[in-house]
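Engineer: Heads up: the protein sequence lines correspond to chains A and B, in order.
Residue 302 is where the first sequence ends in the numbering used here, and the numbering goes up by one at each step.
Residue 293 is where the second sequence ends in the numbering used here, and the numbering goes up by one at each step.
Can you keep this structure in mind? I'll have questions shortly.
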Amino acid sequence: MASSSSFFGVTECNLLCVGGLVAGLALAAVAFKRYQKYKDDQRRQTYPKDTVVLHQIGRGKYIPSISPFPLKLETYLRMAKIPYINEHAHTMSSKGKTPWMTYNGEDVDDSQMCIDFLNKKLGVDMNKHLSLEQKSIGHAFRILVEDHLYWTMAYVAYAGDLTATRSVMPYDPLTNMFLVRAWTKVIRKQLWCQGMGRHTVEQVNHLIKSDLMALSVFLGRKRFFFGSEPCEFDCCVFGMLALALWCMPGSLHETLVNKEFPNLKDYVYRVRETFWPDWNECILEPEQGGTRGKKEK
Amino acid sequence: MDLAVKLYEDNSCKLKYVSGVLVGAALVVVAVKRYRKYKYDQKRQNYPRDTVVLHQIGRGKAIPSVSPFPIKLETFLRMAKIPFINEHTHQPSSKGKTPWITYNGEDVDDSQMCIDFLNKKLGVDMNKHLSLEQKSIGHAFRILVEDHLYWTGVLQRWVYDKGAHVPEASGGRVTPFQARMISRKIGPQAYMQGLGRHTQEEVMCILRKDVEALSCFLGQKKFLFGDDPCEYDCSIFGLLAQALWSMPGSPHEVMAKKEFPNLKDYIYRVRETFWPDWNECILEPEQGGTRGKKEK
């Protein structure tokens, strides 16, 4: 009987088997990716013309999105009366962000860049009634909300006890556990790099109060951020404050918006009534773990 | 030679020798650390009472600091006429940040927390002439400058320029090797923060919007809220001064110097008001600085 040659105990036959398996797996992965791309291209061809396809994560239990930026972007589309459809998926943009959109074959990511793109493309200007000074103030407040208040919310949701965060996640328990764990790791690193993660809880609480007080004082008794007419800046302020009210149970954000700054609470409800008359249809049904149809506490 | 051969051949002797060297090295490290702590505690005991000790990195070539936050904090101390001394050091605070302060034995880090601490401790309020609404607007602009415009500067300096201008701007205190090492760390940080995910063109657009908002709000006013300066002027000055004096050839410099002349005038005005000794706060020519030289 002829013996097969070996290299440190591994026979040629073993090597061929392993090589074949690896090559097979690689080919399967390539084939799968190509198939996914094919399906993606097929789906994109069915997108209606002159309609924004808003790619965002799925609806929430208490709120149309557990992230403020899809809420901001969708509020803007409703405010500007731009036709759109939602595509609920966890697919990220090329920059690894969500939400993002497709318009007549063109992809745009980052909520503010989507708004700027549509403003330019469609000649929309929800800020046309504002003075230049008001626009500059609005810009500053948008940055306050999106690049500071947002991070205090990420800190509260992900840097400490995750119980409240898990309770608002609209997924089954296993997915919930996996996603929260994965997001927590990433967001804690983001918090450290951004700087908010280097503060103590007490210091962050002080920052939360400062930001919400600034918003409350500036809003005052006005119906919207700059008077009786809404503007683009209302979309991002609403997106962030809605999360505080409906997605951060027991947090300082919720307490402050609900009790200490009642004008902010009234404002959030006002924007919701104005632009989200179908709010109830945009949250999950009880069978899916949502609160659609249930009376608000 | 015999000893060396013996050590090479005798394993148990070798082990004892290596352990001895390691223990000796560890003891030396502990001793050096303790000695440093002792010297540091001695130094802290010499800090004058009721005087802020401002720990910040060293002076720059053409600007008192190549970081905006020490300039913000020092401008505040000057504006509020709070007695202070500088301790130029690379030692960061417990949060790994600089600048930080010591006041009567108490350490505080983060420039805004230092200001809040001193406001409370010393009953200072550089915003007392502002209305509540103005304070809310000022707060928003401070965040715009420190949490958004700041990151466009970080990207420009450390990612697009790869730290190339930092050694010169710091008067040689940061070596080209250190600048390259820092640059490698900053890219991923900026990506995590969010702004680093945009293209350079997109970041420049974001930069322009921020600077336009500042310029528009400032208008023809002397300071952010009129004729009297306030606390918010300190942070805006701290950042915009970088554009003028430590970011040569950058879009930030071009915008501050040429495209938005009211911002340029504002920066010079704040400098003249609170930094009459600016020239003494930058490095001498022998140290790589521009002290005494005519500005371009």
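For glycine and all other residues, C-beta sits at the position ideal for the given N, C-alpha and C.
For the beta strand (DSSP E) containing A:F230, list its first residue and its last residue.
Structural biologist: It is not in any beta strand (DSSP E) - A:F230 carries neither H nor E in the DSSP assignment.
Engineer: So does the stretch 43 to 62 of chain A actually touch the stretch 261 to 273 of chain A, counting three or more Cβ pairs closer than 8 Å?
Structural biologist: no
Engineer: Compare the C-beta of A:H153 against all C-beta atoms of chain B and say whether one is closer than 8 Å.
Structural biologist: yes
Engineer: Would you mind telling me which residues of chain A sit closer than 8 Å to B:C213, beta carbon to beta carbon, in chain order?
Structural biologist: L137, E138, K140, S141
Engineer: Taking the alpha-carbon positions, what's the A:I142 to A:H93 distance?
Structural biologist: Distance between the alpha carbons of A:I142 and A:H93 is about 33 Å.
Engineer: So within the stretch 95 to 141 of chain B, which uninterrupted beta strand (DSSP E) runs reach at least 3 residues, ignoring any that extend past its ends?
Structural biologist: 97 to 100, 103 to 106
Engineer: Looking at the secondary structure, which residues open and close the beta strand (DSSP E) in which B:L51 lies?
Structural biologist: 49 to 53
Engineer: Here's a check: name, in chain order, each residue in its chain whose Cβ is nearer than 6 Å to the Cβ of A:R147, leaving out the five neighbours to either side.
Structural biologist: F238, C241
Engineer: Leaving out the 5 sequence neighbours to the left and right, which residues in its chain are closer than 7 Å to A:H258 when beta-carbon positions are compared?
Structural biologist: M158, V161, I213, A249
Engineer: Give a yes or no on whether the minimum CB-CB distance between B:F138 and chain A is below 8 Å.
Structural biologist: yes
Engineer: Give, in chain order, every residue of the stretch 169 to 191 of chain B whose Cβ lies closer than 7 Å to some Cβ of chain A.
Structural biologist: Q186, M189, Q190
Engineer: Would you check if there are 3 or more beta carbon pairs closer than 8 Å linking the stretch 227 to 244 of chain B to the stretch 66 to 82 of chain B?
Structural biologist: yes
Engineer: Should B:R139 and B:Y229 be called a contact, given that it needs their Cβ atoms to be closer than 8 Å?
Structural biologist: In this structure, B:R139 lies near B:Y229, with their beta-carbon atoms less than 8 Å apart.
Engineer: Look up A:Q61 in the DSSP assignment and give the residues it is bridged to.
Structural biologist: A:H93
Engineer: Within 10 Å of its beta-carbon, does A:V27 have 16 or more other beta-carbons around it, so buried, or fewer, so exposed?
Structural biologist: exposed
Engineer: From the DSSP output, read off the bridge partner residues of B:F220.
Structural biologist: B:G223
Engineer: How big is the Cα-Cα spacing for A:P178 and B:L119?
Structural biologist: 52 Å
Engineer: Give the DSSP bridge partners of B:V85, in chain order.
Structural biologist: The sequence given here places His at residue 85 of chain B; Val does not occur at that position. DSSP, once it has assigned bridges, lists B:Q53 as partnering B:H85.
Engineer: Per the DSSP calculation, A:M106 is bridged to which residue(s)?
Structural biologist: Answer is A:L59, A:V113.
Engineer: Is the beta carbon of A:G244 closer than 8 Å to that of A:P69?
Structural biologist: no
Engineer: Take the Cβ of B:E221 as the centre, count every other Cβ of all protein chains shown within 10 Å, and call the residue buried at 16 or more, exposed below.
Structural biologist: Correcting the residue type first, residue 221 of chain B is Leu in the shown sequence and not Glu. Buried: at least 16 other Cβ atoms inside 10 Å.
Engineer: Measure the alpha-carbon distance for A:R275 versus A:R228 and round it to whole angstroms.
Structural biologist: Each residue's alpha carbon lies about 8 Å from the other.
Engineer: Output, in sequence order along the chain, the residues in the stretch 121 to 134 of chain B whose CB is closer than 8 Å to any CB in chain A.
Structural biologist: L129, E130, K132, S133, I134
Engineer: Using three-state DSSP, classify B:T72 as helix, strand or coil.
Structural biologist: helix
Engineer: I want to see whether chain B comes within less than 8 Å of A:Q199, judged by CB atoms only; does it?
Structural biologist: Chain B, which has a Cβ nearer than 8 Å to the Cβ of A:Q199, makes this yes.
Engineer: Give me the residue from A:N285, A:K54, A:K125 with the minimum Cα distance to A:I90.
Structural biologist: Nearest option by C-alpha distance: A:K54.
Engineer: Can you have a look at B:K206 and say buried or exposed, based on whether 16 or more other CB atoms are within 10 angstroms of its CB?
Structural biologist: Taking every protein chain shown into account, the CB of B:K206 has 16 or more other CB atoms within 10 angstroms, so this residue is buried.
Engineer: With a threshold of 16 other CB atoms inside 10 Å of the CB of A:D152, please say whether the residue is buried or exposed.
Structural biologist: buried
Engineer: Just to make sure I have the definition right: I need the residues of chain A whose C-beta is within less than 8 Å of the C-beta of B:K92. Which are they?
Structural biologist: In chain order: R203, H204.
Engineer: The alpha helix (DSSP H) with A:H204 in it runs from where to where?
Structural biologist: Counting along the chain, A:H204 falls outside any alpha helix (DSSP H), and DSSP gives it neither H nor E.
Engineer: Helix, strand or coil: which one does DSSP assign to B:P273?
Structural biologist: coil
Engineer: Suppose the cutoff is 6 Å on Cβ atoms and the five residues either side in sequence are ignored; what does the same chain contact list for B:V63 look like?
Structural biologist: G57, A166, S167, S243
Engineer: Buried or exposed for B:E283, please, with buried defined as at least 16 other CB atoms from any protein chain shown within 10 angstroms of its CB.
Structural biologist: exposed
Engineer: Quick check on the burial criterion: 16 or more other C-beta atoms within 10 angstroms. Buried or exposed for A:S256?
Structural biologist: buried
Engineer: Could you tell me whether the stretch 183 to 197 of chain B touches the stretch 143 to 160 of chain B, using the rule of 3 or more Cβ pairs below 8 Å?
Structural biologist: Yes, since at least three Cβ pairs between the stretch 183 to 197 of chain B and the stretch 143 to 160 of chain B fall closer than 8 Å, the two stretches touch.
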